[in-house]
Each structure stands twice: as structure tokens, then as C-alpha cells.
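Chemist:
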Amino acid sequence: MSAFDIPTNESLKTPEQRIEELGIELPPAQVGVGDYEAWAITGNLLMTSGQLPWIDGDLKFKGKIGSDLSMEEGYEAFRLSALNAITQLKSALGELSRVKQIVRLEGTMGCAPGFIRQPEALNGASHIINQVFGKRGRHTRMIYSNNEMPLDCATLVVIFAEIE
Amino acid sequence: MSAFDIPTNESLKTPEQRIEELGIELPPAQVGVGDYEAWAITGNLLMTSGQLPWIDGDLKFKGKIGSDLSMEEGYEAFRLSALNAITQLKSALGELSRVKQIVRLEGTMGCAPGFIRQPEALNGASHIINQVFGKRGRHTRMIYSNNEMPLDCATLVVIFAEIE
Amino acid sequence: MSAFDIPTNESLKTPEQRIEELGIELPPAQVGVGDYEAWAITGNLLMTSGQLPWIDGDLKFKGKIGSDLSMEEGYEAFRLSALNAITQLKSALGELSRVKQIVRLEGTMGCAPGFIRQPEALNGASHIINQVFGKRGRHTRMIYSNNEMPLDCATLVVIFAEIE
Numbered sequence: 002m003s004a005f006d007i008p009t010n011e012s013l014k015t016p017e018q019r020i021e022e023l024g025i026e027l028p029p030a031q032v033g034v035g036d037y038e039a040w041a042i043t044g045n046l047l048m049t050s051g052q053l054p055w056i057d058g059d060l061k062f063k064g065k066i067g068s069d070l071s072m073e074e075g076y077e078a079f080r081l082s083a084l085n086a087i088t089q090l091k092s093a094l095g096e097l098s099r100v101k102q103i104v105r106l107e108g109t110m111g112c113a114p115g116f117i118r119q120p121e122a123l124n125g126a127s128h129i130i131n132q133v134f135g136k137r138g139r140h141t142r143m144i145y146s147n148n149e150m151p152l153d154c155a156t157l158v159v160i161f162a163e164i165e
Numbered sequence: 002m003s004a005f006d007i008p009t010n011e012s013l014k015t016p017e018q019r020i021e022e023l024g025i026e027l028p029p030a031q032v033g034v035g036d037y038e039a040w041a042i043t044g045n046l047l048m049t050s051g052q053l054p055w056i057d058g059d060l061k062f063k064g065k066i067g068s069d070l071s072m073e074e075g076y077e078a079f080r081l082s083a084l085n086a087i088t089q090l091k092s093a094l095g096e097l098s099r100v101k102q103i104v105r106l107e108g109t110m111g112c113a114p115g116f117i118r119q120p121e122a123l124n125g126a127s128h129i130i131n132q133v134f135g136k137r138g139r140h141t142r143m144i145y146s147n148n149e150m151p152l153d154c155a156t157l158v159v160i161f162a163e164i165e
Numbered sequence: 002m003s004a005f006d007i008p009t010n011e012s013l014k015t016p017e018q019r020i021e022e023l024g025i026e027l028p029p030a031q032v033g034v035g036d037y038e039a040w041a042i043t044g045n046l047l048m049t050s051g052q053l054p055w056i057d058g059d060l061k062f063k064g065k066i067g068s069d070l071s072m073e074e075g076y077e078a079f080r081l082s083a084l085n086a087i088t089q090l091k092s093a094l095g096e097l098s099r100v101k102q103i104v105r106l107e108g109t110m111g112c113a114p115g116f117i118r119q120p121e122a123l124n125g126a127s128h129i130i131n132q133v134f135g136k137r138g139r140h141t142r143m144i145y146s147n148n149e150m151p152l153d154c155a156t157l158v159v160i161f162a163e164i165e
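Protein chains in written order, with this note's numbering: chain A, 2 to 165; chain B, 2 to 165; chain C, 2 to 165.
Right, dumping it as C-alpha cells:
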């Protein structure tokens, strides 16, 4: 899976159609694990809270990448965290076509000692964002490698999006 | 302490009045520990630098949450870091009623091995923000769990606020 | 090196002229290490991705600050990461005089156990930003201390800049 999988004719399709073509479903919106909101809008900027790799209320990926989890599992965990973030964008906007540009991706991950392949793992989030949003998904990003993670989740993803 | 402690009739009260009702005082504004500013404004967005749990120039909470400090002490450390951030908002704005919405909270904490109750600890910041700002305090947030912390402080808090 | 090294008559000089006076050259723009963009603009806000301490495609500073690297080397690593971020600002803007204000600096660093002098190390980024941009360089900042780092780099820097 790579950036080259971005569908052609992308401008003709909505993000929801691309999600369907990819054969995936967005996970249901998850309630936060503390006293906060899942998203906020200020001006034309929409930002999410940190999204864990939930499916139907279960944390699918727990433990540290590089020991409990392989790099490939870390990739999948970031992909699922990103899908949860996309769910929150949809909750905020109704239609994902209201996203003008994904401007920032934050990825936090639990790292085992000696693990230094974070960029490959975070590509799990970057690739799905690029696939779903096409050119509008091209984003900056920052990686944070943590020694422990909330609820022992493998990954957290925040998205900042410019909206119309 | 919970979100349900948000005062009623909140729209009739200023954040400063709520702070007084809570029986607390904002800590004095603290000088940064490096060559930077405590806050900046761009457009309608006000952002603070990372705020340590200072009181009168003393770091009240040092060490790692989960070993040196209990979860409850981590909660208190985050509450104090958030109060220091609110002090910076007031320094920037004069009156906290100029805050239209707290849009983002960043919390960084020193975590002992095996500590995974970060969301409960960060609620120390979220709760006081919600109590002081009411509906205007409802925010997104992101947790970063760190193996070491600047000056061995327990917590750091950044706030992004939309202003009028 | 300190904030007091900010050149006088600063309003008469461009950031590029100050860089020349400092006797330094901006490193060449580095391709990202994953599927993302080096910078994005939303409204008047320009943000970079995390910048490693590259020179000509080589990671100059690897390892953890406080063990593999001294605090002074951490300072130099942050300075070089910040110069890479300034290169990205220039790639985005053409002329650095289009920067109205540096509003936020994020610094992530690999920390050895017991290392707590992060603020001094991050001054390596803050000082050069202040030297190059003068008053327009005065910024907020946040430190993240990580147990491991991507590709074992010592430091990562993100800059948010308000542009004209």
C-alpha cells in the first residue's frame, strides 16, 4: 500500500465513495475517555481529539510497537486510529467533501526500547488519509514516540483539517 | 470532581467570578524557562506555551506519575498546570470573557513504566477548564506520555483558545 | 548565545540577510521520510512537518540526549532541526520576509533516563529562530521528551508561522 494507490479521477468522487471502493467501513464514533469533546471548529479549522484504535468499543491494538506489536501491526493500528479520526470529521461535518485540506496529522505511539521505524508505522495513517481524500489529503505530520500510552493503546491520531 | 460540577446560570457569570466561587486563585504568571514567549495570538487563535505546575515560582509537582506521584497527584498537577495556562490567557486578554471557546488542550506528563491511567490524570486539567469556562470550555485534547520531563516537572499544559 | 544576540536595526534587514550575517547557510530542503508533505498553509497559518537534524541527506545528530549526546550537542541538534524548518518556510514562501510572526515551536527530543535539561537544549531552536526573525521570531513553544525517536534522530522541530 502506498501513495500511488490514490485513485485516479479522484476529483469526481467523494471521500465516502472512496471509502466504499476501498472496501472499508468507518468505525462508529467513540465516546471520549475523559471530560472532553471529540472535535472542535475554530474559523475554518477543524481539529479532533486524540483517537485510539477502536472498533465497536474495543481497543483492537494494545501494547508497544517493537515488542508486543510488530511494525506492521503498528501500521494497522495507526490506520485504524486514522479511520476513527475520519469518523470524527464526518460527525463534525456531515459530509467529508466539506474537507478542503487535511493540514496536519499527529501520531503518538507506544514504542518499545530501540524501535526507530516510527515513520513507516505512521504511514498507516498517512496512506489511508491520502487514499480517502486524494490531493485534499496531502498533509504535514508530526510523530511522538511515548514510553507508555493511555489504556495501553498502541496509537493515537489527531487530525487538523481546513474546511469550507 | 466532574463535568457535572459546571455551574448553572453559567452564562451570567464571568470566568473570573467562577474562579472566585471555586475558592481558588490563579497562580501568578510565571516567566518561561527558556528563550520564548508565554503566549501568542494569530488571527482569532490564542495559544500558550507549555505550562508547568508552578506556584509562586516553585514547582509543586515533580517526578513521574505512577511511581513518584499517584494518579491523584497527577490529577492535581494537571489542574495546577491548567491554572497556570489560564493565567497566561488572562495575561494575554485582560478579561477571560474574551475567550470564545477553548478549542484544544495538550497535556504532557512524566509516566512511570506501566502507567496507563493518563486520561484520568489529564481530567485534572479538563475539569478545571470546564468549570471556569462552562460551555466555552468544552475542548478537544491530546495526551503525550513522556519518559522524562523538563526540570522533572510532572505535567505540562498548552491551551489553544478562540478569542473574540 | 542568547536572545541578546538579536541584531539591532533588525527591521532593516531581511531574515535572509541575517542568516548571511550569522555566517550560516540554510540546509537543502529534505524529502520527507514518509507519505506526507513538508509544509501546509491554511488561511494565514503555515505549518511544517517535523524536521530532523539533516545536512545534505545525512542525519548529523543521532542518539539520546543525556547519554549518547551531551546537552550541548542536543542544543546543536535542535538548532539544525530549526534551520531545516526555516528551509521549509522558505520553500513555502519564497521570501522569509513573508513571515509575519513565528507563533509556535514544537520540539521533540530523545531523552536518556534522568535527563531534565530539555529547556536548555530546545533553546538551540529558539535562539536561531529569534536571531533570524528578530521580533517576528518571538514564539510560544512546547517540549516533548521521547524514549525513542524516528531513525534514532536526536531532535524534531515543527514551526507554525503566521504569514502575510
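By construction, the Cβ of each residue, glycine as well, lies at the ideal position given by its N, Cα and C atoms.
Owing to the predicted nature of the structure, the values given are computational and were not obtained by experimental measurement.
By alpha-carbon positions, which one of A:57, A:117 and A:75 ends up nearest to residue 64 (chain A)?
Modeler: Position 63 of the first sequence, counted from the start, is the residue given in the question as residue 64 (chain A). With distances taken between Cα atoms, residue 64 (chain A) lies closest to A:75.
Chemist: Considering only residues of the stretch 27–76 of chain A, which uninterrupted beta strand (DSSP E) runs meet the minimum length of 3 residues and lie entirely inside it, listed in chain order?
Modeler: Correct list: 40–43 and 46–49.
Chemist: To the nearest angstrom, how far is it from the Cα of residue 2 (chain B) to the Cα of residue 124 (chain B)?
Modeler: Here residue 2 (chain B) is taken as the residue at index 1 of the second sequence, counted from 1. Here residue 124 (chain B) is taken as the residue at index 123 of the second sequence, counted from 1. For residue 2 (chain B), the predicted model reports a pLDDT of 38, less than 50, meaning its position is unreliable and no value from the coordinates is stated.
Chemist: Cβ atoms of residue 143 (chain C) and residue 141 (chain A): under 8 angstroms apart, would you say?
Modeler: Looking up residue 141 (chain A) in the first sequence gives position 140. Looking up residue 143 (chain C) in the third sequence gives position 142. Against a cut-off of 8 angstroms, the Cβ pair of residue 143 (chain C) and residue 141 (chain A) comes out as no contact.
Chemist: I want to verify the contact list: residues of chain B whose CB lies under 8 angstroms from the CB of residue 102 (chain C), in sequence order.
Modeler: Looking up residue 102 (chain C) in the third sequence gives position 101. Going along chain B in sequence order, the residues near residue 102 (chain C) (Cβ under 8 angstroms) are 41 and 43.
Chemist: What span of residues does the beta strand (DSSP E) with residue 161 (chain B) cover, start to end?
Modeler: Numbered from 1 along the second sequence, position 160 holds the residue referred to as residue 161 (chain B). Note, residue 161 (chain B): beta strand (DSSP E), 156–164.
Chemist: Smallest Cα separation from residue 108 (chain A): which of A:156, A:165 and A:164?
Modeler: The residue given as residue 108 (chain A) occupies position 107 in the first sequence. Closest by alpha carbon: A:156.
Chemist: When you compare only the Cα positions, how much space is there between residue 32 (chain C) and residue 43 (chain A)?
Modeler: Sequence index remark: in the third sequence, residue 32 (chain C) carries index 31 (1-based). Sequence index remark: in the first sequence, residue 43 (chain A) carries index 42 (1-based). For residue 32 (chain C) and residue 43 (chain A), the distance between alpha carbons rounds to 31 angstroms.
Chemist: Quick one: is residue 5 (chain A) buried, meaning 16 or more other Cβ sit within 10 Å of its Cβ, or exposed?
Modeler: Stepping through the first sequence from its first residue, residue 5 (chain A) is reached at position 4. Unreliable positioning characterises residue 5 (chain A) in this predicted model, as indicated by a pLDDT of 47, which lies under 50. A coordinate reading is not provided.
Chemist: My output table needs one value for residue 88 (chain A): the three-state DSSP class, helix, strand or coil.
Modeler: Position 87 of the first sequence, counted from the first residue, corresponds to residue 88 (chain A). Note: residue 88 (chain A) maps to helix in three-state DSSP.
Chemist: Starting from the beta carbon of residue 116 (chain C), find every residue of chain B whose beta carbon is closer than 8 angstroms, and list them in chain order.
Modeler: Within the third sequence, the letter at position 115 stands for residue 116 (chain C). Chain B residues near residue 116 (chain C): 149.
Chemist: According to DSSP, residue 100 (chain C) sits in a beta bridge with which residue or residues?
Modeler: As a first step, residue 100 (chain C) is located in the third sequence; it is residue number 99 there, counting from the start. Residue 100 (chain C) is bridged to C:164.
Chemist: When the cut-off is 8 angstroms and only beta carbons count, does residue 154 (chain A) lie next to chain C?
Modeler: If you number the first sequence from 1, residue 154 (chain A) lands on position 153. No, residue 154 (chain A) lies away from the interface with chain C (no Cβ there is under 8 angstroms from its Cβ).
Chemist: At a Cβ cut of 8 angstroms, what residues of the stretch 125–148 of chain A count as close to chain C, listed as they run along the chain?
Modeler: Those residues of the stretch 125–148 of chain A that come within reach of chain C (Cβ to Cβ, closer than 8 angstroms) are 127, 128, 131, 139, 140, 141, 142, 143, 144, 145, 146, 147 and 148.
Chemist: If we cut at 8 angstroms on Cβ distances, does residue 92 (chain C) have a partner in chain A?
Modeler: Residue 92 (chain C) sits at position 91 when you count from the first residue of the third sequence. Taking Cβ atoms only, chain A never reaches closer than 8 angstroms to residue 92 (chain C), which makes this a no.
Chemist: Taking just the CA atoms, how far does residue 27 (chain B) sit from residue 50 (chain B)?
Modeler: Here the question's residue 50 (chain B) lines up with position 49 in the second sequence. Here the question's residue 27 (chain B) lines up with position 26 in the second sequence. Those two C-alpha atoms are separated by around 17 angstroms.
Chemist: Between which two residues does the alpha helix (DSSP H) carrying residue 142 (chain A) extend?
Modeler: In the first sequence, the residue the question calls residue 142 (chain A) occupies position 141. From DSSP, residue 142 (chain A) is part of no alpha helix (DSSP H) but of the beta strand (DSSP E) over 141–147.
Chemist: Evaluate the contact criterion for the stretch 106–121 of chain A versus the stretch 149–163 of chain A: three or more CB pairs, one atom per stretch, below 8 angstroms.
Modeler: Short answer: they touch.
Chemist: Taking Cβ-Cβ distances shorter than 7 angstroms, what residues in chain C pair up with residue 119 (chain A)?
Modeler: Here the question's residue 119 (chain A) lines up with position 118 in the first sequence. Under the 7 angstroms cutoff, chain C gives 151.
Chemist: In terms of residues, what are the limits of the alpha helix (DSSP H) holding residue 130 (chain C)?
Modeler: One-based indexing of the third sequence puts residue 130 (chain C) at position 129. Residue 130 (chain C) -> alpha helix (DSSP H) spans 119–134.
Chemist: Kindly list, in the order they appear in chain B, the residues whose Cβ is closer than 7 angstroms to that of residue 163 (chain C).
Modeler: Here residue 163 (chain C) corresponds to residue number 162 of the third sequence, with the count starting at 1. Within 7 angstroms Cβ-Cβ: 43.
Chemist: Can a CB atom of chain B be found closer than 8 angstroms to the CB of residue 46 (chain C)?
Modeler: Taking the first residue of the third sequence as position 1, residue 46 (chain C) is located at position 45. So yes, residue 46 (chain C) belongs to the interface.
Chemist: Please name the residue in A:34, A:52, A:77 and A:119 whose C-alpha comes closest to that of residue 90 (chain A).
Modeler: Here the question's residue 90 (chain A) lines up with position 89 in the first sequence. It is A:52 whose Cα lies nearest to the Cα of residue 90 (chain A).
Chemist: Give a yes or no on whether the minimum CB-CB distance between residue 50 (chain A) and chain B is below 8 angstroms.
Modeler: Here residue 50 (chain A) refers to the residue found at position 49 when the first sequence is read from its first residue. It does; some Cβ of chain B falls within 8 angstroms.
Chemist: Using 8 angstroms as the Cβ pair cut-off and three pairs as the minimum, do the stretch 114–134 of chain A and the stretch 80–99 of chain B touch?
Modeler: With the cut-off at 8 angstroms, the stretch 114–134 of chain A and the stretch 80–99 of chain B do not touch.
Chemist: Below 6 angstroms CB to CB, which residues in the same chain sit around residue 1 (chain B) once its five sequence neighbours on both sides are set aside?
Modeler: Because chain B spans 2 through 165 in this model, residue 1 (chain B) falls outside it and cannot be assessed.
Chemist: In whole angstroms, what is the alpha-carbon distance linking residue 118 (chain B) and residue 95 (chain C)?
Modeler: Here residue 118 (chain B) is taken as the residue at index 117 of the second sequence, counted from 1. Here residue 95 (chain C) is taken as the residue at index 94 of the third sequence, counted from 1. Their Cα atoms are separated by approximately 46 angstroms.
Chemist: If contact means a Cβ-Cβ distance below 9 angstroms, which residues of the stretch 72–99 of chain A contact chain C?
Modeler: So the list is empty, because no residue satisfies the distance condition.
Chemist: Would you say residue 123 (chain C) faces chain B, with C-beta separation under 8 angstroms as the test?
Modeler: Here the question's residue 123 (chain C) lines up with position 122 in the third sequence. Interface residue, yes.
Chemist: Which residues does DSSP list as the beta-bridge partners of residue 150 (chain A)?
Modeler: Residue numbering aside, residue 150 (chain A) sits at position 149 when the first sequence is read from its first letter. Paired residue(s): none; residue 150 (chain A) is not in a bridge.
Chemist: DSSP three-state call for residue 108 (chain C): helix, strand or coil?
Modeler: Taking the first residue of the third sequence as 1, we reach residue 108 (chain C) at position 107. Residue 108 (chain C) falls in the strand class under three-state DSSP.
Chemist: Does residue 19 (chain A) get closer than 8 angstroms to chain C when you measure Cβ to Cβ?
Modeler: Within the first sequence, the letter at position 18 stands for residue 19 (chain A). With 8 angstroms as the cut-off, residue 19 (chain A) does not count as an interface residue toward chain C.
Chemist: Please classify residue 71 (chain A) as buried or exposed, where buried requires at least 16 neighbouring CB atoms within 10 angstroms.
Modeler: What you label residue 71 (chain A) is simply residue 70 of the first sequence in a count that begins at 1. Residue 71 (chain A) comes out exposed.
Chemist: Taking CB distances under 8 angstroms as the criterion, tell me whether residue 36 (chain A) reaches chain B.
Modeler: Translated into positions along the first sequence, residue 36 (chain A) becomes position 35. For residue 36 (chain A), the answer is yes, since a Cβ of chain B falls inside 8 angstroms of its Cβ.
Chemist: Using a 10 Å radius around the Cβ and a threshold of 16 neighbouring Cβ atoms, would you call residue 68 (chain B) buried or exposed?
Modeler: Start at 1 with the first residue of the second sequence, and residue 68 (chain B) comes out as number 67. Exposed, because fewer than 16 other Cβ atoms sit within 10 Å of the Cβ of residue 68 (chain B).
Chemist: Assign residue 18 (chain C) to one of three DSSP states: helix, strand, or coil.
Modeler: One-based indexing of the third sequence puts residue 18 (chain C) at position 17. Helix at residue 18 (chain C).
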